[in-house]
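Heads up: the protein sequence lines correspond to chains A and B, in order.
Residue 598 in the UniProt record's numbering sits at position 598 of the first sequence; the count goes up by one each step and never skips.
Residue 467 in the UniProt record's numbering sits at position 467 of the second sequence; the count goes up by one each step and never skips.
From the three backbone atoms N, C-alpha and C, an ideal C-beta is built for every residue, glycine too.
This one's a predicted model, so the numbers in the text were calculated from it and none came from an experiment.
Okay, structure first, notes after.
Number of protein chains: 2
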Amino acid sequence: MEITRQNFKESLSTVYSAVEEADFLAIDGEFSGISDGPSVSALTNGMDTPEERYGKLRKHSMDFLLFQFGLCTFRYDQTQAKYLTKSFNFYIFPKPFSRTSPDIKFICQSSSIDFLASQGFDFNKVFRSGIPYLNQEEESQLREQYEEKRNQMNGSGTPSYISPSSGKAAVNVPDEHKDFISRVVEKVEALLSNSEKTVDLEPCSGFQRKLIYQTLNWKFPKGLHIETVETEKKERFIQVSKVDEEERRRMEQQKQEREQEELNDAVGFSRVVHAISKSGKLVVGHNMLLDVMHTIHQFYCPLPEELEDFKEVTMCVFPRLLDTKLMASTQPFKDLITNTSLAELEKQLKEKPFKAPKVDCCEGFQCYDTASEQLHEAGYDAYITGLCFISMANYLGTFLTPPKPHISARSKLIEPFYNKLFLMRVIDIPYLNISGPDLQPKRDHVLYVTFPKEWKTSDLYQLFSAFGNIQVSWIDDTSAFVSLSQVEQVQIAMNTSQYAESYRIQTYAEYMQSKHKHTHTNRKWGEDGWANTSYRSVTGKRSISPTQEDQSSDFSGVADSNWSHYSKKIKTDAGASGGGVQTYAEAVDSTTGSWLKAQPEKGAASQEASGSEEADAWPKLPTNQNQGSQPTSTGLFDVPQVW
Amino acid sequence: MEITRQNFKESLSTVYSAVEEADFLAIDGEFSGISDGPSVSALTNGMDTPEERYGKLRKHSMDFLLFQFGLCTFRYDQTQAKYLTKSFNFYIFPKPFSRTSPDIKFICQSSSIDFLASQGFDFNKVFRSGIPYLNQEEESQLREQYEEKRNQMNGSGTPSYISPSSGKAAVNVPDEHKDFISRVVEKVEALLSNSEKTVDLEPCSGFQRKLIYQTLNWKFPKGLHIETVETEKKERFIQVSKVDEEERRRMEQQKQEREQEELNDAVGFSRVVHAISKSGKLVVGHNMLLDVMHTIHQFYCPLPEELEDFKEVTMCVFPRLLDTKLMASTQPFKDLITNTSLAELEKQLKEKPFKAPKVDCCEGFQCYDTASEQLHEAGYDAYITGLCFISMANYLGTFLTPPKPHISARSKLIEPFYNKLFLMRVIDIPYLNISGPDLQPKRDHVLYVTFPKEWKTSDLYQLFSAFGNIQVSWIDDTSAFVSLSQVEQVQIAMNTSQYAESYRIQTYAEYMQSKHKHTHTNRKWGEDGWANTSYRSVTGKRSISPTQEDQSSDFSGVADSNWSHYSKKIKTDAGASGGGVQTYAEAVDSTTGSWLKAQPEKGAASQEASGSEEADAWPKLPTNQNQGSQPTSTGLFDVPQVW
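In C-alpha cells:
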C-alpha cells in the first residue's frame with residue numbers, strides 16, 4: 001500500500017490495526033545518502049571500536065533524509081498455517097506546514113541518488129506528496145505554541161518578560177496603530193448594537209492581529225468570539241462573532257479540536273513510528289543499524305553523542321530488534337549462506353536446506369512477487385526481509401526434537417539474535433549489542449602503521465611479507481591498521497621497524513592509549529583478554545565468563561571465539577575479510593550438551609513444542625536500562641535460557 | 001528546448017551556434033535551496049556591507065545544487081525588426097561517471113523543494129537524466145588521470161616515489177600474484193606464435209591489471225596492443241592484440257579519441273557555460289547574484305573567500321552582466337515600476353509607457369506563451385528576463401532625439417547598468433558593483449543596539465519613539481541596527497542610553513571598529529562622507545567626486561544620493577524599506593544638461609541614431625583587472641561616455 005500525504009490520514013487506522021495484529025514487523029528505509037564526510041570505505045574502518053563507528057555514523061550520516069519508509073506486517077494464521085502480510089510504502093518529506101515551522105535542510109549524495117534513480121525511484125512522489133513529520137521536541141514546541149496562542153487570545157496570557165511597553169496600560173498600542181485599533185473597536189461596538197451576527201475585520205499584519213486580540217479581550221471580556229481566518233489568497237483577517245457563553249465555549253472547543261487535528265497532521269509520519277514503538281513487537285530489518293539510527297534521529301530526537309545513551313534510547317523506542325544480516329552471518333546459517341546481501345539471501349533461503357515461507361498478502365494490499373524484483377523500494381525490501389527472517393527462524397525449528405516447521409517470532413529460539421545489529425566491515429566485532437556491552441577483542445596482533453602518502457596496499461604487503469598473511473585496514477592516506485596472523489610476530493615487527501625511516505609502527509594498545517589520552521579513561525586489559533569495563537560487573541547466575549582458550553589461532557578466529565563465547569573450536573579463516581564466523585551449533589554442543597536433539601523440557605522450548613502459548617507474551621527482554629545499578633540475569637555473557 | 005543527459009551531446013552544436021549568433025543571452029538557475037544557515041531574513045541584514053553579504057552567501061548558499069539552468073538566446077533580426085529567441089532548459093545533476101569520480105554532496109532545503117514541487121518541477125528528470133559536469137580543477141585532474149594511465153600502460157611511467165617494492169626489478173610482482181602473471185605471459189607468448197589475432201585474459205582486479213600492463217610492456221615492448229575492456233556485467237578484463245607499428249599507432253589514437261570523448265562527456269554541462277563565457281556576450285539575469293555565484297562555483301571553481309577575488313573571477317567568466325531587477329529599481333524605471341519581482345515586472349513592461357517587445361521563437365524551439373505562465377522553469381524565467389531587458393532598453397530609446405524604437409544590447413545606453421548586481425534587502429547599497437569598488441554609505445545615522453532576547457520590533461519602536469521614524473534591521477535575537485532619520489539625533493540617543501540597564505547603544509562606527517579590530521584594517525571616513533579606500537584613487541578625467549549635499553535629509557535619501565551620485569534633489573521616502581531611489585533623468589539634467597532632448601552628436605549616441613554600427617563591437621568594458629595599478633577612465637564615479 002502506497003501512502004503519501006494525500007491518503008495518509010485515511011490510511012492511519014489501517015496501519016494501526018496492521019501493527020496491532022502482527023506477530024512481527026519488518027522495516028526498511030531509503031535515504032538520500034550514506035556518508036557526507038569521508039568515503040564509505042574510510043568511514044568504516046575495519047578496526048573501528050563500536051564507539052568510534054557509532055560516532056562516525058552519527059556525525060556523517062544523519063544529515064541525510066530518510067525519505068521512504070517500508071513497513072511490512074506479518075501475522076501468522078494458525079488455521080491456514082501461513083503468514084498474512086500487509087506492506088506499506090510511506091513517502092516522507094518534511095514539508096514545512098506553516099511559516100514558523102522548521103525548514104529542514106538535508107544532504108543528498110549524488111551516488112545514492114543516482115543509484116535510486118537507476119532503480120526507478122520516484123523522487124517526485126517524495127517531494128510533491130511526502131508525509132511530513134515532527135520529532136518529539138518539535139511536537140511539544142508546536143503544542144506549546146498553540147497553547148500560548150490560545151492563552152493570548154483568551155486574554156489570560158501573562159507577559160513573561162519586562163519590556164519598555166509593558167506595565168503602562170492594559171494594552172499598549174504603538175502610536176502608529178492607534179487609529180487602526182480605534183476603528184476596530186468602533187466596528188465591534190457597532191456589531192454589539194446591531195443585528196448582525198459577525199463582522200469581518202480587514203486583513204492586517206500579525207502584530208496588528210495581536211493588538212486586536214489584546215484590545216478586544218480587555219474591552220469586551222464577554223460575549224465575543226474572536227478568530228483568525230485565512231482567505232483563499234492566504235491573507236489573514238479577524239472575524240468577530242457575537243456569542244452567548246455556551247456558544248462561545250462550543251466554538252472554543254471546535255477551534256481546539258481543529259488545532260489538535262492540525263497538530264496531528266504536523267506530527268504526521270512520526271505517529272506511525274510511535275505506533276510501532278508502542279506495540280513492543282519484534283522489528284526485523286536487514287543491516288538495520290542505519291535504519292534504526294535514522295528512524296530515531298528523524299522521528300524521535302537528535303541522536304545522543306555517546307553510544308551508551310544511543311543504546312538506551314533505542315531500547316526505549318524499539319525494545320526488540322532483529323537484524324537478518326547478522327542472523328545470516330551467524331551459525332548455523334553462516335556456513336550455508338555465501339552472500340548475505342538482501343537479494344541474494346532471499347534467493348538462497350528459498351533453496352534447501354531452507355524452505356520458502358508460506359506467505360500471502362492480505363486483501364487490498366500489494367502482493368509482491370519475488371520473481372520480479374522491486375528491490376530498493378522500501379516496502380518490498382521490508383517484505384523480503386520478513387521472508388528471510390521466517391525462513392531462518394523456521395530452519396532453527398528443524399533442530400528441535402521433534403522438528404517444528406513453524407517457529408514463532410516470539411520463540412526463545414530467536415532470542416540470541418535480539419538487539420544485535422550488524423556492524424559493516426569491522427573485522428573482529430560482528431555486531432553492535434544494543435541491549436548490553438559490546439565485544440572488546442584484545443587486538444594485540446594489530447599494528448598501527450604510518451607511512452608516506454604514496455604507499456599502496458601492495459607496499460604494506462611487501463613490508464610485512466616475512467610475517468605471512470596480513471590484513472590491512474586503511475585509516476587515511478598515511479596510516480593503516482595491519483593485523484598480523486600471529487601475536488608472537490608483533491614484537492619481531494616492532495624490533496624490525498626501530499630503524500626504519502619511511503614508516504613507523506605502534507602496537508594497537510600504544511595507539512589507543514595515545515589517541516584516548518585526553519578524551520577517555522584508559523582501559524585496562526584483563527588477563528582473560530577482555531577489557532575491564534563497568535559492564536564486566538554485570539553478572540548473573542547463568543553467566544559464563546568468556547575464556548581465551550586458543551590465543552595462538554589466527555585473529556579472525558579469536559574474534560569469533562569472543563563473539564560466540566561458547567565456542568571451543570576456533571575456526572581458521574585466515575585472510576578472509578570480515579569476521580562473523582560463529583559456531584552456533586558446535587558451541588551449543590560444547591557448553592550445554594546436545595540440546596538440539598534433546599526433548600524440550602520447559603520454558604520456551606516447551607512452548608515451541610506445544611505451539612500454544614506463543615500468541616501473547618514476548619520473552620523477557622534483555623535490557624540495559626538498569627545496567628550498572630542492578631545486576632540482571634540477562635547480561636551479555638549469559639547463555640540464553642533456552643540453552 | 002529541453003536538454004538532458006540523453007540528448008545533450010547531439011544538442012551541443014545547436015547551443016553553440018545559438019550563443020554565437022545571439023545579440024544577448026538571458027540566464028536563470030533553479031537551486032535546491034537558498035540558505036543552509038540562518039533564515040533568509042537573518043542571512044540578509046539590511047545593514048550588511050557588500051563584503052559581509054558576499055561572505056554570508058558564499059558560506060550559506062553554495063552547498064545547494066543548481067539543478068536547472070535556463071538559457072535563452074536573443075538575436076535581433078533587422079529585416080523583421082524583431083528578436084528571434086532560442087530557449088534551452090538544461091537539467092543538471094552531478095552523476096558520478098566512474099568509481100573514482102567525485103561523489104558530490106549537496107543540500108536540499110525543504111521550503112525550496114516544496115516550492116518547486118508546488119510549481120510542478122520535475123525532480124525525476126533532474127536525478128534520472130541530469131547532465132553531469134566538472135569544474136576546472138576536476139577537469140584537469142581527470143585529464144591528468146587519463147595521461148598518467150596512458151603513460152603507465154605505455155610503460156613510460158616513471159615512479160614518482162620510493163616504495164619498498166621499487167628498484168628491485170623492472171616489475172615487482174608480489175608473491176601471491178606471481179603464478180597469475182606467469183600464466184598471462186604464457187598466454188601472450190602463445191598468441192605471438194599462433195595465428196590468432198587477439199587473446200582475452202580472464203577478468204581480474206585493478207591491481208592485477210596494473211601488473212599485467214607493466215609486465216607485458218616490459219617483456220614485449222613491441223608488436224602488442226593492450227587494452228582494458230568491460231563486459232556487460234561490468235567485469236573488466238584485458239584484451240591483448242598482435243599489431244604492427246602502424247596498426248598499434250592507429251589503435252592508440254582511437255583509444256585517445258575515445259578517452260577525449262569520455263572526458264568531454266564528464267565535463268558535460270560546463271561546456272555550455274564555457275561557451276557562454278567565451279562569447280563575451282551580454283548575459284542578462286533577474287536578481288542574478290546567486291545565479292552568478294552558483295554558476296561560477298559549480299562549473300568553474302569554488303568561490304574565493306574575498307569579495308575582490310570573486311569580482312575578478314566573475315569578470316573573467318562573465319565580462320558583461322546585467323541585472324534586470326537592478327535596472328528596474330533604477331531611474332527612469334523605478335518611478336514607473338511598483339513591483340520588481342520577475343512575473344510582475346514582465347506584466348508591467350507590456351503596458352504603457354513601455355511596449356511589449358517584438359519577439360518570435362526560432363523554428364524547432366519552444367514558444368513560451370507569457371499568458372500561460374510557466375514561472376520557475378528556468379528556461380521560461382530566462383526568456384521573460386530577456387523580454388524585460390528588451391522593454392527597458394527600448395524605453396531608454398524614447399528619450400533620444402529622434403526617439404529610437406529599438407535599442408541594441410550593445411548600446412552605450414545600457415552601459416550604466418553593466419555589472420551591477422542587485423543586492424537584496426540592503427537598505428542603502430542597492431547593488432554589488434562587480435567591475436569596480438562598491439558604494440560605502442557613511443551610516444552615521446545608524447545605531448547598533450543590544451537588548452534582552454524577549455524584545456520585539458515594537459519594543460524598539462517604543463524605545464526610539466521620541467526620534468520619529470526609525471528603521472530596524474535585526475541582526476539576531478538580541479541585537480539590531482536602528483537607523484534614525486536624522487544624524488543629529490544620534491548623540492541624543494547615545495546620551496539617553498548611558499544609564500539604561502536593559503539595553504546598550506553603540507554608533508555604527510564604534511560597532512564596526514570593535515568588530516573589525518582584529519580582522520580588518522580600520523577605515524577612515526573622509527570629509528565627503530565616503531570611506532577612504534584604495535579604490536578612491538582610481539580616477540579618470542571624466543570622474544566626478546560625489547558630494548554629500550544634503551545630510552539633513554532622511555537616510556534613504558542619503559543613500560539614494562550616494563548611489564545615483566549625480567543627484568541634487570534628495571527624494572524623501574521615509575519609512576519605506578529598501579533603497580534604490582535613483583533620479584536618473586534628473587541627475588543627468590543636473591550634470592550634463594538636457595541631453596535627452598539634445599541631438600546625439602558622436603559616439604554611441606550617434607550609433608543609436610544611425611542604427612548601423614551596432615552589430616560588431618561591444619562597448620569598452622569597465623573592468624577591475626588592472627584596478628589600483630593604473631588609472632582607468634571607467635571608475636565607479638565616471639559618468640558613462642554617452643552622457
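Whether residue i touches residue j by CB criterion (9 Å)
i: A:Y54; j: A:L336; result: no
i: A:F88; j: A:I131; result: no
i: B:I27; j: B:F64; result: no
i: A:I429; j: A:D438; result: yes
i: A:P405; j: A:K350; result: no
i: A:Y503; j: A:T450; result: yes
i: A:W474; j: A:A42; result: yes
i: A:V240; j: A:L201; result: yes
Cβ-based burial, residue i [other Cβ within 10 Å; buried from 16]
i: B:T583; result: In this predicted model, B:T583 has a pLDDT of only 34, less than 50, meaning its place in the structure is not dependable enough to derive any value.
i: A:I492; result: exposed
i: B:E232; result: exposed
i: B:G285; result: buried
i: B:K515; result: exposed
i: B:N419; result: buried
i: B:D281; result: For the sequence presented, residue 281 of chain B should be read as Lys rather than Asp. Buried: at least 16 other Cβ atoms inside 10 Å.
i: A:C108; result: buried
i: B:V323; result: In the sequence as presented, Val is not what sits at residue 323 of chain B; that position holds Asp. Buried, because 16 or more other Cβ atoms sit within 10 Å of the Cβ of B:D323.
i: B:A78; result: The sequence as given places Gln at residue 78 of chain B; Ala does not occur at that position. By the neighbour-count rule (16 or more Cβ atoms within 10 Å), B:Q78 is not buried but exposed.
i: B:E549; result: With a pLDDT of only 31 at B:E549, under 50, the local geometry of the prediction cannot be trusted, and no value is derived from it.
i: B:P332; result: buried
i: B:Q348; result: buried
i: A:T340; result: buried
i: B:D381; result: buried
Cβ-heavy atom distance, residue i to the ligand SAM, below 8 Å
i: B:E202; result: Ligands displayed in this structure: none; no statement on the ligand SAM is therefore possible.
Is it a yes or a no for the region 388 to 401 of chain A touching the region 112 to 121 of chain A, going by three-plus beta-carbon pairs under 8 Å? no
Report yes or no: do three or more beta-carbon pairs, one from the region 12 to 23 of chain A and one from the region 270 to 278 of chain A, lie closer than 8 Å? A contact exists between the region 12 to 23 of chain A and the region 270 to 278 of chain A.
Sufficient close CB pairs (3 or more, under 8 Å) joining the region 94 to 110 of chain B to the region 129 to 145 of chain B: yes
Can you pull out the residues from the UniProt domain "R3H" (178 to 244) of chain B whose beta carbon lies closer than 7 Å to at least one beta carbon of chain A? F207
Of all the residues that make up the region 447 to 479 of chain B, which are near chain A by a beta-carbon distance shorter than 8 Å? P452, E454, W455, K456, T457, S458, D459, Y461, Q462, L463 and S465
In the region 305 to 333 of chain A, which residues sit with their C-beta less than 8 Å from some C-beta in chain B, listed in chain order? none
Note down, in chain order, all residues in the region 103 to 133 of chain A with a beta-carbon under 7 Å from any beta-carbon belonging to chain B. D103, I104, K105, F106, I107, C108, Q109, S110, S111, I113, D114, A117, D122, F123, N124, F127 and R128
Does the region 58 to 76 of chain A touch the region 488 to 502 of chain A, meaning 3 or more C-beta pairs lie closer than 8 Å? no
Across the region 34 to 43 of chain B and the region 451 to 464 of chain B, are there enough close Cβ pairs to call them in contact, namely three or more that are closer than 8 Å? no
Sufficient close CB pairs (3 or more, under 8 Å) joining the region 199 to 216 of chain A to the region 178 to 188 of chain A: yes
Which whole runs of the beta strand (DSSP E) in the region 164 to 202 of chain A are 3 residues long or more, in chain order? 198 to 200
Using a Cβ cut-off of 7 Å, which residues of the region 31 to 48 of chain B contact any Cβ in chain A, in chain order? G33 and D36
Curious, which full-length alpha helix (DSSP H) runs of at least 4 residues does the region 46 to 92 of chain A contain? Scanning the region 46 to 92 of chain A from its first residue to its last, the whole alpha helix (DSSP H) runs of 4-plus residues come out as 50 to 61.
Chain A contacts from the region 82 to 95 of chain B (Cβ-Cβ distance under 8 Å): F93, P94 and K95
Which whole runs of the alpha helix (DSSP H) in the region 426 to 503 of chain A are 4 residues long or more, in chain order? With a minimum length of 4 residues, the unbroken runs of alpha helix (DSSP H) contained wholly in the region 426 to 503 of chain A fall at 457 to 463 and 489 to 497.
Three-pair Cβ contact test at 8 Å for the region 55 to 62 of chain B versus the region 290 to 310 of chain B: yes
Please give me, in chain order, every unbroken run of the beta strand (DSSP E) with length at least 3 that falls completely inside the region 88 to 138 of chain B. 105 to 109
Could you name each continuous alpha helix (DSSP H) segment of 4 residues or more that falls completely within the region 299 to 339 of chain A, going from the start of the chain to the end? 307 to 317 and 324 to 328
To be precise: take each residue of the region 250 to 273 of chain B, compare its Cβ to all Cβ atoms of chain A, and keep it if any distance is under 8 Å. Which residues remain? none
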